[in-house]
Amino acid sequence: MKRTVFRNRWLPYLLVAPQVAITLVFFYWPAFDSVRLSLYRASPFGDRLIFVGWGNFARLFSDAAYVRSAITSVLFAFIVTVVGLALALVLAALANTKIRGLGIYRSLLLWPYGIAPAIAGILWLFIFHPSYGVLPYVLSFVTAYQFNWFLKGWVAMTLIVVAAVWKQFGYNLAFYLAGLQGIEASVLEAASVDGAGPVRRFLAITFPLLSPVTFFLFTLNMTFAFFETFGLVHSVTQGGPGDATSILVYKAWKDGFENLQLGLSAAQSVVLMAVVIGLTALQFRFAEKKVTY
Amino acid sequence: MARVLDAAGRVDVRAATGPRRRDWSGVLAHAILIASVALLAFPLYYAVVISTQTVSQATSLPPRLLPSTSALQNYAEAWHRAKMGRLLINSAVMALGIAIGKIVISLLSAFAIVYFDFRGKRLVFWMIFVTLMLPIPVRIVSTFEVMTQLGWVNTYWGLTVPLMASATGTFLFRQFYQTIPDSLAEAAQLDGAGPLRFLWSILLPLSKANIAALFVILFVYGWNEYLWPLMITTTTEMRTAVVGVESLVPRGGSQLAEWNVIMAAAIMVLLPPVAVIVFMQRWFVKGLIESEK
């Protein structure tokens, strides 16, 4: 830890003032207000708040639509994360040799990170478009099944999963490639000398040695899929068809802004807050172990 | 004993066929990476192609995968219909405002935390730390009420200031300052330089790389933010470009889907952040690794 060297009575307060002020007004105030609001509901005329205690939470957890939304979110986040990481890991492992031009590949892989989830969704929306899209067209030669995401929940889910995985893929692959470069070739050589085949080498050595990278990418992708995909859902499926893609963040927004159920929406915010705290704690617990990226 | 012989045999075989094997794995690696790059680029290629076609070409079957000649009309149409000029300015204000504001604010607070001893330092540090757990989606309704009370709905203040404070930047600079030898600050003091002088002429030039890295990450984040502008702007004049593209997407069957115009708008909107990533890639990679730690 650095020894502090400057002495001044008021300057340090002045220096932290902007950050503290913004944090208080735009983070703490709304967060506490969410917690407070979650204990109230608006009166029938909307002119005052009625204290309902845990009422909103009890309502949420007994509400089939909310439970469905929670399951949808967890499913969505898990599929995006697991599919994205597995794909990236396998390709990275296959491509892991000392080859020329790794830097060029990295440039060609990283750019989708710059595309907003909402825009990524719109690009894929057209590829999936039931009437004009290239994907249903190609599939129509294989099967008579109608891959129409306007009508079928799982197709809509697939659409947003694909868009999310696509956006994150190059980024995941770049991190795995970097992680693989850090594994000593001699370790793998030694294993192959001992008669371990490529699959065995991958499972016994590469995968465990990459676990810090995997863990880092896991929490990152989970956080992304949970909290940064609002734009994707809003611009593509709008939660539909039915509520097949209504993830928690989208539902909290819709209940608050379109259905104007403030207390209920605030209670959903509080639940989401618990999820972030869990994910952050998880991240720091493992970061403590001096994981090196 | 047999094992050793076996092992020795394998080593010999490897040595004999070494170069050839390496060549083949190199070819495989290139093939996999090129395939990944192509697959990753396809949605963008398709969007660009559609943006150059007429409506009837864009909605014809089989889908046309080659560019046509209507690019100019489509981009002009998208520009006018979505008021793209205004929206891009709004996005630029938001992205630059957040990036620059956040860098300045976190630079100052990290300086105070590392180079000063003051009462309440721990409290300030933890206050900033906790903001990691309060992303926008967990404060949806309450944040809007705060913005209404401040009169910041539909203003550039509202689009930028509330997103300027968060822990990422502060931690990044704090970590970096801690690696700077104490002797620098001592020498500055001996020369009679005050803390602000030290910050301006020594710390700031040393932080250039970190500032550039953070800038790329924050610019992309600010440009692509979706939920925030959707919540706190209610007029088309104050909307950002990413949200504006969504408003072109037809909802319900009656609207004519001009996908060529939508894709032209999408390309215009995704270009700036992707360009920043491509042209500042070195800083982008540094920023990714450091800010996600």
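The listed protein sequences derive, respectively, from chains C and S.
Sequential numbering of the first sequence, starting at 33, is according to our numbering.
Sequential numbering of the second sequence, starting at 804, is according to our numbering.
Beta carbons: idealized from backbone N, C-alpha and C, even for Gly.
Asked	Found
Any beta carbon from chain S within less than 8 Å of C:F158's own beta carbon?	yes
I'd like to check one pair, C:F207 with C:L249: are the Cβ atoms closer than 8 Å?	yes
So is S:W960 in contact with chain C if we call contact Cβ pairs under 8 Å?	no
At a Cβ cut of 9 Å, what residues of the region 137-150 of chain C count as close to chain S, listed as they run along the chain?	Y137, R138, S139, L140, L141, L142, W143, P144, Y145, G146, I147, A148, P149, A150
Please compile the residues from chain C whose C-beta is within a distance smaller than 7 Å of the C-beta of S:H833.	I131
By DSSP's criteria, C:F83 is part of a beta bridge. Which residues make up the other side?	C:Y72
Under 7 Å between beta-carbons, which chain C residues line up against S:P865? List them in chain order, please.	Y169
What is the DSSP secondary structure of C:F239, reduced to helix, strand or coil?	helix
Can the beta-carbon of C:L311 be found less than 8 Å from the beta-carbon of C:M254?	yes
Mind checking the region 58-74 of chain C against chain S and listing, in chain order, the residues whose C-beta falls within less than 7 Å of any C-beta there?	F58, F59, W61, P62, A63, D65, S66, L69
Please decide whether C:K322 counts as near chain S, where near means a Cβ-Cβ distance under 8 Å.	Residue placement at C:K322 is poorly supported in this model, since its pLDDT is 43, which falls under 50; the coordinates still yield a value, given next. So no, C:K322 is outside the interface.
So S:R977 and S:I916 are supposed to be a Cβ contact under 8 Å. How far apart are they, rounded?	6 Å
How far does the alpha helix (DSSP H) with C:W285 in it extend, from its first residue to its last?	280-285
Are the beta-carbon atoms belonging to S:L891 and S:A1044 less than 8 Å from one another?	yes
Give the single residue among S:P940, S:D920, S:W1026, S:A834 whose Cα lies nearest to the Cα of S:L1074.	S:W1026
Would a C-beta distance cut-off of 8 Å place S:I1005 and S:L987 closer than the cut-off?	yes
Counting only beta-carbon separations shorter than 8 Å, does C:Y45 have a partner in chain B?	Absent from the structure is chain B; the protein chains it does hold are C and S.
In the region 90-118 of chain C, which residues sit with their C-beta less than 7 Å from some C-beta in chain S, listed in chain order?	none
Quick one: is C:H161 buried, meaning 16 or more other Cβ sit within 10 Å of its Cβ, or exposed?	buried
Mark C:K286 as exposed unless 16 or more other C-beta atoms lie within 10 angstroms of its C-beta, in which case mark it buried.	buried
Counting Cβ pairs closer than 8 Å, one from the region 910-926 of chain S and one from the region 232-240 of chain C, do we hit at least three?	no
For C:A330, would you say it is in contact with chain S, using Cβ-to-Cβ distances shorter than 8 Å as the test?	Since the first and last residues shown for chain C are 33 and 325, residue 330 of chain C lies out of range.
Assuming S:A970 and S:T934 form a contact by the criterion Cβ under 8 Å, report the distance between their Cβ atoms to the nearest whole angstrom.	5 Å
To be precise: take each residue of the region 932-952 of chain S, compare its Cβ to all Cβ atoms of chain C, and keep it if any distance is under 9 Å. Which residues remain?	V933, T934, L935, M936, L937, P938, I939, P940, V941, R942, I943, V944, S945, T946, F947, E948, V949, M950
Are there three or more Cβ pairs, one per stretch, closer than 8 Å when the region 168-186 of chain C is compared with the region 139-155 of chain C?	no
Count the other CB atoms within 10 Å of the CB of C:V99; is the residue buried (16 or more) or exposed (fewer)?	exposed
Kindly say whether S:E989, judged by its beta-carbon, lies nearer than 8 Å to any beta-carbon of chain C.	yes
Pick out the complete alpha helix (DSSP H) segments inside the region 993-1055 of chain S, 4 residues or longer, and give them in chain order.	998-1001, 1011-1027, 1030-1035, 1044-1049
Just grab the DSSP bridge partners of C:F38 for me.	S:F919
Taking C:V197 as the reference, which of C:R132, C:G116, C:E290 has the closest Cα?	C:G116
Which same chain residues, not among the five before or five after S:R823, have their C-beta less than 8 Å away from its C-beta?	Because S:R823 carries a pLDDT of 49, less than 50, the predicted location of this residue cannot be relied on, and the following value inherits that uncertainty. Excluding residues within five positions, none has a Cβ falling inside 8 Å.
Looking only at its chain, what residues have a beta carbon closer than 7 Å to the beta carbon of C:F256, apart from the 5 residues adjacent to it on each side?	Q200
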